[in-house]
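These notes are about the structure you will find just below.
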């Protein structure tokens, strides 16, 4: 991933990012510096918070990256998967109902969600909900489409 441009965000843009992350995940980003990094030919733009790639724009919607979600533990919009789903989710697979042990009721269809593993609560991926949170636990069907996961280019991104 090559950097197309990099610049500090204005205070109103910082507020937009911090408010969006707080609203979606219940996370208070309290950084001193916020830089927008546009990726050449990439589908994502990244916001560096104090130099760390903690926020990603997914279709113009700011959300925590996997690294950002592990640095700033999300309190809402979390889907928790069992041990059997970890290797699949970590490799970018979409999330299926049988692998889900819990999902926040406040998740609506098309919301971005953090996908965490059950044992330690570590976030493995970021995805787009295909159904509401109260409909995610069950016996069959795909319910979260993977957007970004451990080990992908965005996870490995370093400036």
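In our numbering, the protein residues as written are 268 to 426.
Cβ coordinates follow ideal geometry from the N, Cα and C atoms, glycine included.
Predicted model, so just to flag it, every value in this text is computed and none were measured.
Test item: CB-CB of residue i and residue j under 8 Å
i: residue 296; j: residue 288; result: yes
i: residue 273; j: residue 302; result: yes
i: residue 382; j: residue 400; result: no
i: residue 470; j: residue 368; result: There is no way to answer for residue 470, as the model of the chain reaches only from 268 to 426.
i: residue 361; j: residue 283; result: no
i: residue 392; j: residue 313; result: no
i: residue 345; j: residue 371; result: yes
Collapsed DSSP secondary structure at residue i in the structure displayed
i: residue 353; result: helix
i: residue 315; result: strand
i: residue 302; result: strand
i: residue 295; result: coil
i: residue 342; result: coil
i: residue 273; result: strand
i: residue 328; result: strand
i: residue 278; result: helix
i: residue 370; result: strand
i: residue 361; result: coil
i: residue 333; result: helix
i: residue 284; result: helix
Burial state of residue i (16 or more Cβ within 10 Å)
i: residue 248; result: Residue 248 falls outside the range modelled here, since the chain spans only 268 to 426, and no answer is possible.
i: residue 335; result: buried
i: residue 357; result: buried
i: residue 384; result: buried
i: residue 300; result: exposed
i: residue 321; result: buried
Paired residues, beta bridge with residue i - DSSP
i: residue 421; result: DSSP lists no partner for residue 421.
i: residue 395; result: 379, 412
i: residue 426; result: None, per the DSSP bridge assignment.
i: residue 384; result: 348
i: residue 390; result: 383
8 Å contact criterion, which residue i and residue j should meet: CB distance rounded
i: residue 366; j: residue 378; result: Not quite, the Cβ-Cβ distance comes to about 18 Å (not below 8 Å), so this is no contact.
i: residue 339; j: residue 281; result: Contact doesn't hold; Cβ gap of about 15 Å is too wide.
i: residue 417; j: residue 363; result: In fact, because the Cβ distance is near 18 Å, the residues do not count as touching under 8 Å.
i: residue 323; j: residue 421; result: 6 Å
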